[in-house]
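Participant:
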Amino acid sequence: MLIVGSCGLHTIHGAYRDGIKPTKLDTECFLSSCYYLFKDTPAICEDFTKLTSCSTFALKFVPHRWLENVPVIVRVLEVLPALRQYKQAVDDKKLKRPDTKSYKRVADGCADALLEVKLHLILSVANILQSFCNASKLISPCCHSLFVIKLTSCRIY
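One gets this note's numbering by counting positions in the sequence shown from 1 and adding 51 to each.
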């Protein structure tokens with residue numbers, strides 16, 4: 052039996068996730084809700100696009116792959132002004148209020164004056180850890196590489 056220890060990538064993902072939780076930023080719900088607000092709801096997409104002239108939508112947030120969500124955070128930061136404009140139009144009753152949990156979470160997030168700061172904080176930490184992960188992937192061997200090396204050293208007649 053070969054003991055290889057724990058996977059560094061999973062350790063770093065878990066450390067990042069667990070490090071964000073105590074801050075009470077609640078960005079996980081916000082990021083996933085930004086995606087699900089527009090997923091499979093063409094009426095909301097149409098209202099959003101007509102109002103904001105923005106045809107870019109949030110990407111899917113994957114909770115068990117924290118460091119790979121950097122593009123998700125970047126995209127939400129790009130569309131955040133349009134999301135706030137949409138929320139304001141709903142508050143002013145120019146648009147019908149979506150009766151979904153996702154909208155409530157997005158509206159609550161957009162009302163947070165520090166939301167951009169929170170997103171930039173988790174983005175900067177994720178960028179640092181992501182560069183570390185990329186460097187360590189190149190240096191440390193993986194189990195499948197060890198298996199391939201072992202197979203090539205065995206001769207089957």
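Glycine included, C-beta positions come from ideal geometry on N, C-alpha and C.
(1) DSSP state of Leu110, grouped into three classes?
(2) I want to know whether the segment 82-92 touches the segment 149-165 - three or more CB-CB distances under 8 Å.
(3) Mapping the DSSP letters down to three states, classify Asp77 as helix, strand or coil.
(4) Looking at the unbroken alpha helix (DSSP H) that takes in Cys96, where does it start and where does it end?
(5) Of the choices Val125, Ala109, Thr103, whose alpha-carbon is the least far from that of Lys138?
(6) Quick one: what does DSSP say Pro149 is sitting in, helix, strand or coil?
(7) Who are the Cβ neighbours of Pro149 in its own chain at under 8 Å, not counting the five residues just before and after it?
(8) Let me make sure I understand the geometry here. Which of Val121, Leu166, Leu172 has the alpha-carbon closest to that of Ser182?
Facilitator: The answer reads as follows:
(1) coil
(2) yes
(3) coil
(4) 93-103
(5) Thr103
(6) coil
(7) Leu88, Thr92, Ile95, Val141
(8) Val121
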